[in-house]
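Protein chains: 2
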Amino acid sequence: MRPRFRSDSWYLVALFITLISVGSILLVLPLSQAGYPGNATHISYIDALFMATSAVCVTGLTTVDMATFSLFGQTVLLLLIQLGGLGIISFTSLLLILPGGRIPFRRISTIRSFYVDGVEYDPKKIISTIVVTTLGIEAIGALLLAWFFMQAGVLNYGYYGVFHAVSAFCNAGFSLFSDSLEGFSKNPAILTIIMLLIISGGLGFIVLQDVYQRITRKRRYLNYHSRVVLGMTAGLILFGFLIFFFFESKGTLSDFSLRDRIMNALFQSVTPRTAGFDTIPQYALSQPSKVFTILYMLIGAGPGSIAGGIKVTTIFIIIILMIRYPDPAGDIRIGKHRITSYTLNRATVYFLKALSLLLLGALALSLIEGHRGVAFDAIVFEVVSAFGTVGLSLGLTPQLSVAGKMVIIGIMFAGRIGLVALSFSLIRAKNYDITYPEGSVLLG
Amino acid sequence: MRPRFRSDSWYLVALFITLISVGSILLVLPLSQAGYPGNATHISYIDALFMATSAVCVTGLTTVDMATFSLFGQTVLLLLIQLGGLGIISFTSLLLILPGGRIPFRRISTIRSFYVDGVEYDPKKIISTIVVTTLGIEAIGALLLAWFFMQAGVLNYGYYGVFHAVSAFCNAGFSLFSDSLEGFSKNPAILTIIMLLIISGGLGFIVLQDVYQRITRKRRYLNYHSRVVLGMTAGLILFGFLIFFFFESKGTLSDFSLRDRIMNALFQSVTPRTAGFDTIPQYALSQPSKVFTILYMLIGAGPGSIAGGIKVTTIFIIIILMIRYPDPAGDIRIGKHRITSYTLNRATVYFLKALSLLLLGALALSLIEGHRGVAFDAIVFEVVSAFGTVGLSLGLTPQLSVAGKMVIIGIMFAGRIGLVALSFSLIRAKNYDITYPEGSVLLG
Ligand SMILES: [K+]
Ligand SMILES: [K+]
């Protein structure tokens, strides 16, 4: 009867702890600091740990500027992003796709419900497809970005193209520019490439593959999951665009031309789920825009993707729950499909647990940082950003105390690994031989 | 398939709109103003409407001081509180208790699930019992309060005793003292009486009656509902007491003796669910205490009571959902009782809809008041206070613009009537003759 942490998830935990440990040790070396070997700067271990965790979890929150790292240090961060991203996407895709028993560390019983539309795969082939797809998309993105960075007069445009393409597709949001992409807010080409990379990274491998097979006519229809993810993604982007365009046209976007206003409102709608680049300073947003950004950071993108958050499918189920009634079997009919009571329950529990974790995180940070006058909305913004592996910031993160940094490190880890583990936690059905009387409680 | 607003609820809406309309017109009359007939003050109609809504919904938020009203005006407010409170408690208790078909305006099909442990009642008897119980408890409270107010040197102690007893039992939180009960923070007798009135008002009629029957040995056991409500109430009070004692001992309670520190931490734990008196200024609370107060305001008290919020039973179910797995039938076993999938679904949907309403309210107020620099936590505090019919304030309410006051009036009404209507909305089960394929979406 008790919830159990799935043993499979421990592999993910072990992978991430290893990556973070090795990464943080590499990052604290003088070799990783700017100015090495002559006059190397120095960062504390807590900052190295923070940056390594942020990179592996593809969060993108930073306590120190990227310019404080040498090329070696920046490459370490890029590798951590790539490995953390591939780790998550492979692990979740495998668990989502496989019909059972193929990966030795997994239990058969946990898989059936993740079986999608009769597709069966070989794990090795899945992973190699994921790696090839990821590197392929990143390579195209890097080439395009390098070209437009060159046009924009960026030195080292090749390196900057690669770094930002990986950071964008992995939804990491790390930028070599100290003001993120604010310098390119009037460069629609670069914004478009980055947005396309973010969105494709956020759809998830299953959807990408499904779309690919549909385009190459190997399949006649997109599966239900893909349609939900694509529909929710399009709807959220459009809705967010309208919201930010409306709320910011007289604020942060007031100096922009109509074209740039559209591009930046679109970017602000895309980036919280869950890339974390910014083209306009987040602290300057109006209050309703900040609240909407927090909501979007919480929602996140598609499951089996590199992006974080509680996922668009969870929100889809939550919305369905609110507007439809279940049939006697507890299932809900939507269009020509049934959402089973099992799925409904999992989504609800996942949502509630995520909210509880978030609340605990915000309370912990409030306890540590609140007494020195940090506003609670700034705390919630940073906590949701860390939890959803977003990386947007109102500016609080670099000012955190060591204890505060520890809390955010914990939240980034919980938001990345905890949510994945949670989403795959097994619901064990048990038959009772005794029927207990109904415990009637009134809800009024 | 579509959710429907139960027609019964329209009776409640009509009752409340009538009370609010008549009340606001009476309150705006010169007769209701202090200084009448010589030099009567003047309040705007929006303030009269605000005060009438706040009284009928037993919220307790105020835009003008009680001292701006004459004895007549104050009596109007007291009557509105009493009638609004009795209206809610009668309506919800009737719907919760009755096995069906007894009240002409109700549909039989909606009743079965509110049938508690085989108890059947005559509606007229229920209402008269509710009125007698309410007036009886309030009378005892008024006598005790009058005595201790006299001891404390309050003029008009009889009138003050009656007003505060009604306001406390109805969980209204209106006070004739402009600083609420802050002047009595070192008077444990008065705090104890007020707390007992608040708690008994918040348990709900069903629990009060059950406890009474248990004490008079008419029943051998308390029913499951009563045990859950009493257990949750005791647990929440104790937990909140520890939290506030811990968070405030070096803050707002630092000047108090240990006895007064205990009494005021206890009071701060009791008052947000959902009375709204305060003994310490809420704006002076530490940030974690404010967050906890918001949480407690959201939770509220027992169903079928005068108190607001999403109710302790809903939170009970939400907690159960998070820590237990459902069996194949979708029910969850807890102790020797089953919580049915029907109850689980209702609690979840209720919780989600309440959160959505709250979010909408906060966004609306943020849109109106945010641009002039009001912090978002202050907005959330006021919105949750209005929504949960609590009445605690960080001081924002009196400063609201007319549009902001309209929003809070709407939220008070939605939190009072909307939540009741929501909680009694009917889940219509329908048999499908076609079985649709499962719409499998992945949640990871
Ligand atoms: K990110
Ligand atoms: K109240």
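Going down the list, the sequences are from chains A and B.
When you line the first sequence up against the working numbering, it's residues 624 to 1067, in that order.
When you line the second sequence up against the working numbering, it's residues 624 to 1067, in that order.
Just so it is clear, CB atoms sit at the ideal spot from N, CA and C, and this is done for glycine as well.
Since the structure is predicted, the reported quantities are computational estimates derived from the model, not experimental observations.
Kindly indicate which three-state DSSP category residue i falls into: helix, strand or coil?
i: Phe692 of chain B; result: strand
i: Arg956 of chain B; result: strand
i: Ile962 of chain B; result: strand
i: Pro811 of chain A; result: helix
i: Lys568 of chain A; result: Look at the range of chain A in this structure, 624 to 1067, and you will see that residue 568 of chain A is not part of it.
i: Gly723 of chain B; result: Confidence is the limiting factor: at Gly723 of chain B the pLDDT is only 42, short of 50, which leaves the residue's position unreliable and the question unanswerable from this model.
i: Ile712 of chain A; result: helix
i: Ala924 of chain A; result: coil
i: Pro951 of chain B; result: coil
i: Asn794 of chain A; result: coil
i: Val687 of chain B; result: coil
i: Lys913 of chain A; result: helix
i: Thr937 of chain B; result: helix
i: Leu799 of chain B; result: coil
i: Tyr634 of chain A; result: helix
i: Gly931 of chain A; result: coil
i: Leu703 of chain A; result: helix
i: Tyr782 of chain A; result: helix
i: Ile644 of chain A; result: The displayed chain sequence assigns Ser, not Ile, to residue 644 of chain A. In the structure shown, Ser644 of chain A sits in a helix (DSSP, three-state: H, G or I).
i: Gly824 of chain B; result: helix
i: Tyr906 of chain A; result: helix
i: Leu918 of chain B; result: helix
i: Gly1041 of chain B; result: helix
i: Ala765 of chain B; result: helix
i: Thr757 of chain A; result: helix
i: Leu804 of chain A; result: coil
i: Gly899 of chain B; result: coil
i: Ala1052 of chain A; result: Any reading at Ala1052 of chain A must be qualified, since the residue scores a pLDDT of 38, below 50, and its modelled position is unreliable; the value itself is stated next. Note: Ala1052 of chain A maps to coil in three-state DSSP.
i: Met788 of chain A; result: This sequence places Ala at residue 788 of chain A; Met is not what is there. Three-state result, Ala788 of chain A: helix.
i: Thr698 of chain A; result: helix
i: Gly874 of chain B; result: coil
i: Gly776 of chain A; result: coil
Would you kindly report the start and end of the unbroken alpha helix (DSSP H) that includes residue i?
i: Tyr847 of chain B; result: Tyr847 to Glu871
i: Leu831 of chain A; result: Phe828 to Ile838
i: Phe890 of chain B; result: Leu881 to Val893
> Do the region 1027-1046 of chain B and the region 975-995 of chain B touch if we need at least three Cβ pairs shorter than 8 Å?
Replying inline: yes
>> With three or more C-beta pairs closer than 8 Å as the rule, is the region 822-830 of chain B touching the region 920-927 of chain B?
In response: yes
> Where in the region 646-683 of chain A do unbroken runs of the alpha helix (DSSP H), each at least 4 residues long, occur, reported from the N-terminal end onward?
Replying inline: 668-679
> Which residue spans inside the region 963-1030 of chain A form an unbroken alpha helix (DSSP H) run of at least 4?
Replying inline: 964-992 and 999-1010
> Looking at C-beta atoms only, is the number of pairs between the region 934-945 of chain A and the region 961-977 of chain B that lie closer than 8 Å three or more?
Replying inline: yes
> Pick out every residue whose C-beta is nearer than 6 Å to a heavy atom of ligand 1: which are they, in chain order?
Replying inline: A:Val681, A:Thr682, A:Gly683, A:Asn794, A:Ala795, A:Gly796, A:Thr897, A:Ala898, A:Gly899, A:Thr1012, A:Val1013 and A:Gly1014
> Below 8 Å, can you find three or more Cβ-Cβ pairs linking the region 864-884 of chain B to the region 662-671 of chain B?
Replying inline: no
> Does the count of Cβ pairs from the region 756-766 of chain A and the region 673-686 of chain A closer than 8 Å reach three?
Replying inline: no
> Do the region 644-651 of chain A and the region 995-1015 of chain A make contact, defined as three or more Cβ pairs closer than 8 Å?
Replying inline: no
>> Under 8 Å, with one C-beta from each stretch per pair, do the region 685-696 of chain B and the region 1019-1026 of chain B reach the 3-pair mark?
In response: yes
>> Using a Cβ distance threshold of 8 Å, determine whether the region 993-1001 of chain A contacts the region 770-790 of chain A, with at least three qualifying pairs required.
In response: no
> How do the region 898-913 of chain B and the region 832-841 of chain B stand: do at least 3 beta-carbon pairs fall below 8 Å, yes or no?
Replying inline: no
> Touch check for the region 800-818 of chain B and the region 706-719 of chain B: three-plus C-beta pairs under 8 Å?
Replying inline: no
>> Tell me whether the region 867-883 of chain A and the region 955-974 of chain A touch, counting them as touching only if at least three CB pairs, one residue from each stretch, are closer than 8 Å.
In response: no
>> Does the structure place the region 888-906 of chain A close enough to the region 1008-1016 of chain A that three or more beta carbon pairs sit under 8 Å?
In response: yes
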